[in-house]
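These notes are about the structure you will find just below.
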Amino acid sequence: MSELKQKIWNDIQQVREISPLVLNITNYVVMNNTANALLAAGASPIMANAPEEIEDMVALCAATVINIGTLNAATVESMKLALKKADQLGKPSVFDPVGAGATTYRNRTAEELLDIAFPTFIRGNAGEIMTLAGTSVASKGVDSTVGSAGSEKSAKSLAKAHQCVVSVSGETDIITDGTHIAYIDNGDQLMCRVTGLGCTASAILGAFAAVQSNRFMAAISAAAFMGVCGEIAARESLGPGSLQLNLYDVMHTLTERQFTETVRVRGK
Amino acid sequence: MSELKQKIWNDIQQVREISPLVLNITNYVVMNNTANALLAAGASPIMANAPEEIEDMVALCAATVINIGTLNAATVESMKLALKKADQLGKPSVFDPVGAGATTYRNRTAEELLDIAFPTFIRGNAGEIMTLAGTSVASKGVDSTVGSAGSEKSAKSLAKAHQCVVSVSGETDIITDGTHIAYIDNGDQLMCRVTGLGCTASAILGAFAAVQSNRFMAAISAAAFMGVCGEIAARESLGPGSLQLNLYDVMHTLTERQFTETVRVRGK
Amino acid sequence: MSELKQKIWNDIQQVREISPLVLNITNYVVMNNTANALLAAGASPIMANAPEEIEDMVALCAATVINIGTLNAATVESMKLALKKADQLGKPSVFDPVGAGATTYRNRTAEELLDIAFPTFIRGNAGEIMTLAGTSVASKGVDSTVGSAGSEKSAKSLAKAHQCVVSVSGETDIITDGTHIAYIDNGDQLMCRVTGLGCTASAILGAFAAVQSNRFMAAISAAAFMGVCGEIAARESLGPGSLQLNLYDVMHTLTERQFTETVRVRGK
Chain S
1 MSELKQKIWN DIQQVREISP LVLNITNYVV MNNTANALLA AGASPIMANA
51 PEEIEDMVAL CAATVINIGT LNAATVESMK LALKKADQLG KPSVFDPVGA
101 GATTYRNRTA EELLDIAFPT FIRGNAGEIM TLAGTSVASK GVDSTVGSAG
151 SEKSAKSLAK AHQCVVSVSG ETDIITDGTH IAYIDNGDQL MCRVTGLGCT
201 ASAILGAFAA VQSNRFMAAI SAAAFMGVCG EIAARESLGP GSLQLNLYDV
251 MHTLTERQFT ETVRVRGK
Chain H
269 MSELKQKIWN DIQQVREISP LVLNITNYVV MNNTANALLA AGASPIMANA
319 PEEIEDMVAL CAATVINIGT LNAATVESMK LALKKADQLG KPSVFDPVGA
369 GATTYRNRTA EELLDIAFPT FIRGNAGEIM TLAGTSVASK GVDSTVGSAG
419 SEKSAKSLAK AHQCVVSVSG ETDIITDGTH IAYIDNGDQL MCRVTGLGCT
469 ASAILGAFAA VQSNRFMAAI SAAAFMGVCG EIAARESLGP GSLQLNLYDV
519 MHTLTERQFT ETVRVRGK
Chain G
537 MSELKQKIWN DIQQVREISP LVLNITNYVV MNNTANALLA AGASPIMANA
587 PEEIEDMVAL CAATVINIGT LNAATVESMK LALKKADQLG KPSVFDPVGA
637 GATTYRNRTA EELLDIAFPT FIRGNAGEIM TLAGTSVASK GVDSTVGSAG
687 SEKSAKSLAK AHQCVVSVSG ETDIITDGTH IAYIDNGDQL MCRVTGLGCT
737 ASAILGAFAA VQSNRFMAAI SAAAFMGVCG EIAARESLGP GSLQLNLYDV
787 MHTLTERQFT ETVRVRGK
């Protein structure tokens with residue numbers, strides 16, 4: 001297991017050294033925060049979303065992240081063009097189906113995107129992953145009403161059906177390629193009181209996907225980095241305001257020792 | 269008066285316990301901040317704005333907040349659909365006429381929205397409320413050139429004309445249903461140096477409207493919560509950067525004792 | 537040189553006293569941050585971007601800032617209307633060609649805007665300025681692959697060609713009207729790890745352009761204010777999260793003594 005920790009730490013260092021360009025077609029709520037998280041982790045964010053240039057941007061970047069949080073007709077068009085282009089170029093893509101299950105429009109858009117091309121990764125909370133896997137689940141807007149533990153079967157079947165790696169965030173993060181499975185037990189309850197940290201996890205996954213070609217490993221490293229930084233940041237935070245700020249600081253300053261002492265990862 | 273303080277505190281606790289879903293069709297400047305303020309207060313924000321799904325979102329949520337800060341053709345269409353749907357379902361709605369008085373387009377849109385359906389609440393600064401009430405007032409963009417004190421008559425007539433509760437923010441907040449009136453003397457001058465705290469007050473009002481069916485009481489509780497948290501946060505802030513952060517922390521951690529010692533509310 | 541420092545400090549005080557209205561048609565990533573930076577500096581931000589009202593807003597404001605970070609068809613239309621109106625009214629305008637060089641759409645849009653009217657100021661990083669000047673340069677998305685030092689010749693030729701003042705941000709900021717040149721040696725490397733501080737510098741330039749009619753002087757004062765505040769803020773920051781917060785606080789509280797002791801400006 002200490003070998004796995006070493007591998008994850010290597011990926012964290014790779015993001016810092018290579019500073020990959022990560023394209024984010026994301027929602028208006030978190031644009032600033034995901035850009036800042038990518039910068040704090042050492043990557044370089046691009047936040048363009050116009051259909052006129054999105055294919056050029058996919059070609060320029062090392063990974064593409066698609067997030068439907070505040071989807072609209074124009075950005076959905078860009079998402080489709082981007083997903084197709086990334087697939088054609090063999091570049092990694094992350095799909096974050098924010099709020100899947102909440103409305104018909106959201107579900108239909110998620111389906112249409114998955115019909116264009118399989119993304120390399122799908123990352124969401126338990127409710128979103130279960131909705132995509134066709135499991136019936138009560139939705140509470142963009143937050144999940146079910147814990148991540150109950151989504152393991154859905155995550156596996158979704159990964160198999162779309163030949164991708166699925167990452168489910170929650171009290172325990174679950175990562176699966178349909179066959180293998182890994183669990184991350186980091187993070188802090190206070191993270192639910194900062195908007196868009198799930199979206200941040202998706203953006204960070206884009207950065208790790210850009211430097212680690214083993215996609216199962218990339219998803220483990222991204223979730224571990226996010227969980228460890230969130231957990232350390234929460235320790236010294238009075239509330240959600242200081243947590244957001246501390247998260248960027250910790251992402252920027254995280255040392256190998258801090259990481260190794262804090263990370264709790266296991267597989268089966 | 270200590271009975272009123274107790275009632276307000278009960279509403280604050282209700283928001284934390286019920287964690288109502290609040291839909292925000294709001295401007296791009298404050299999306300992140302209003303979502304974070306709602307989370308810090310204990311509520312659950314939804315920030316969708318596509319016409320294709322907005323009625324489903326209104327039906328899913330306990331309250332709807334409409335804010336024209338960065339209005340455009342697409343979001344105005346969503347605002348109209350949302351206001352009509354909320355009215356049909358008998359769900360509370362908040363209208364924040366940001367920058368009313370600054371341009372013809374802004375004034376015309378505000379009128380069109382009020383023609384669709386009367387919102388449950390109108391919340392703005394003195395200049396915006398006076399503009400909507402038909403009182404001539406010099407506009408300085410989105411900030412008010414007049415103090416809240418001068419807007420009392422306009423607020424009352426606007427509340428009567430649209431059968432709603434009007435909440436005016438300023439050095440003293442004024443809340444009126446056209447007959448009754450209440451004043452909140454909390455807050456801090458530094459709050460004017462953080463963008464969108466008026467928008468945050470509107471979002472917070474959505475959360476209180478979702479848990480308190482007496483709408484005059486809901487508006488008092490929301491303004492008191494906002495003012496008290498802002499005032500406590502400002503005490504320990506070096507400038508507007510720390511104030512924004514501390515505001516979220518205080519919203520999340522506010523105790524009954526802190527609240528009772530700080531709130532200054534009076535009625536007539 | 538101490539006379540120049542005094543002149544800059546006077547401009548800083550003028551922004552605080554006059555509190556000019558600054559219109560920003562900017563990208564979705566930084567809307568909140570540039571509004572907050574303008575408020576912290578003492579100015580009043582307007583963030584509207586609908587074509588229906590943009591000319592009214594230009595007329596209402598003392599300066600207009602145009603930033604193509606997340607350009608799309610609708611906002612580009614507004615940018616064109618705004619630039620033309622500002623030119624007609626003889627009001628100062630700032631153009632920030634974010635990501636120029638990254639895509640054909642971005643380059644074409646920059647050209648189209650410069651064909652409408654010459655802005656009073658063009659502010660960007662070295663790569664963007666060199667692209668606009670027609671110098672071939674490798675692009676890395678929105679970040680520059682070249683240092684500011686290599687852009688001096690391009691900046692001068694761009695200023696001459698468009699009869700404007702060009703401000704290049706980098707380790708050393710370069711300001712030129714095509715004939716005169718000034719250098720600011722403030723700032724901190726950590727500023728590159730906070731998203732959109734270049735965009736903030738453009739917004740701040742709008743505020744200084746509104747109070748200082750000598751445009752070469754306005755650009756020097758704006759860059760000096762930004763660099764000094766960033767440098768002081770970075771000293772007490774653990775990482776990019778605290779830097780963003782401290783920057784607003786320092787902008788709000790900066791004293792003449794702090795400014796004079798920190799600023800490093802030289803001309804030739």
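Sequence order for the protein chains is S, H and G. Residues 1 to 268 in my numbering are what the first sequence spells out, letter by letter. Residues 269 to 536 in my numbering are what the second sequence spells out, letter by letter. Residues 537 to 804 in my numbering are what the third sequence spells out, letter by letter. Cβ coordinates follow ideal geometry from the N, Cα and C atoms, glycine included. Note that this is a predicted model, so its numbers are computed, not measured.
From the beta-carbon of T195(S), the residues of chain H found nearer than 7 Å are N300, A303, N304, L307 and P313.
Residue pairing by DSSP places L23(S) opposite I46(S) and T64(S) in a beta bridge. Excluding five sequence positions before and after G763(G), the CB atoms of its chain that fall closer than 7 Å to its own CB belong to D709, I720, N722 and G723, given in chain order.
Listed as beta-bridge partners of I756(G) by DSSP are no residues whatsoever.
Rounded to the nearest angstrom, the gap between the Cα atoms of G466(H) and Q244(S) is 22 Å. Just measuring C-alpha positions, the residue of Q431(H), V344(H), S489(H) and T463(H) sitting nearest G446(H) is Q431(H). Comparing alpha carbon positions, the residue from D355(H), A492(H) and A471(H) closest to W277(H) is A492(H). Excluding five sequence positions before and after T606(G), the CB atoms of its chain that fall closer than 8 Å to its own CB belong to N563, Y564 and V565, given in chain order. Counting only the Cα atoms, A161(S) lies some 42 Å from T468(H).
In this structure, the straight-line span from the alpha carbon of T176(S) to that of V166(S) is close to 5 Å. For the C-beta of V250(S), not a single chain H residue is nearer than 9 Å; the gap to the nearest is close to 15 Å. Around the C-beta of D115(S), fewer than 16 other C-beta atoms lie within 10 Å, and the residue is accordingly described as exposed. The beta carbons of S422(H) and A401(H) sit about 4 Å from each other, so the pair counts as a contact at 8 Å. Residues of chain H with a Cβ closer than 7 Å to the Cβ of L783(G) are, in chain order, G509. Chain order gives the chain S residues near T640(G) as E53 and D56, where near means a beta carbon separation below 8 Å. T789(G) belongs to the set of residues whose beta carbon lies under 8 Å from a beta carbon in chain H.
Remark: C-beta atoms of L247(S) and G777(G) approach each other more closely than 8 Å. Of all residues in the region 340 to 352 of chain H, only N340 come within less than 7 Å of chain G when Cβ atoms are compared, listed by chain position. According to DSSP, I665(G) shares a beta bridge with no other residue. Put simply, the CB of T606(G) is near chain S, with a gap under 8 Å to one of its CB atoms. Taking the Cα positions, G124(S) is about 6 Å away from D96(S). Taking a beta-carbon distance threshold of 8 Å, N585(G) counts as an interface residue toward chain H. Using a Cβ-Cβ cut-off of 8 Å, V65(S) does not count as an interface residue toward chain H, since no Cβ of chain H sits closer than that to its own.
Within the model, the alpha-carbon separation for E323(H) versus V362(H) is close to 16 Å. Nearest neighbour of L559(G) by Cα position, chosen from I548(G), K621(G), T789(G) and Q794(G), turns out to be K621(G). Residue-level contact check: L774(G) touches chain S, since one or more beta carbons of chain S fall below 8 Å from its beta carbon.
The residues F795, T796, V799 and V801, in chain order, have a CB closer than 8 Å to that of K541(G) in the same chain once the five nearest residues on each side in sequence are set aside. In the DSSP assignment, D709(G) falls within the beta strand (DSSP E) that extends over D709 to T712. Chain S has a Cβ within less than 8 Å of the Cβ of Y296(H). Counting C-beta pairs with one atom in each stretch, the region 279 to 291 of chain H and the region 40 to 60 of chain S have fewer than three that are closer than 8 Å, which means they do not touch. With fewer than 16 other Cβ atoms inside 10 Å of its own Cβ, A609(G) counts as exposed. For S778(G), there is no enclosing beta strand (DSSP E); the residue is found in the alpha helix (DSSP H) stretching over P776 to T789. Per the DSSP secondary-structure output, R659(G) pairs in a beta bridge with S703(G). Rounded to the nearest whole angstrom, the C-alpha separation of A110(S) and S346(H) is 21 Å.
Taking all protein chains shown into account, G507(H) has 16 or more neighbouring C-beta atoms within 10 Å of its C-beta and is therefore buried.
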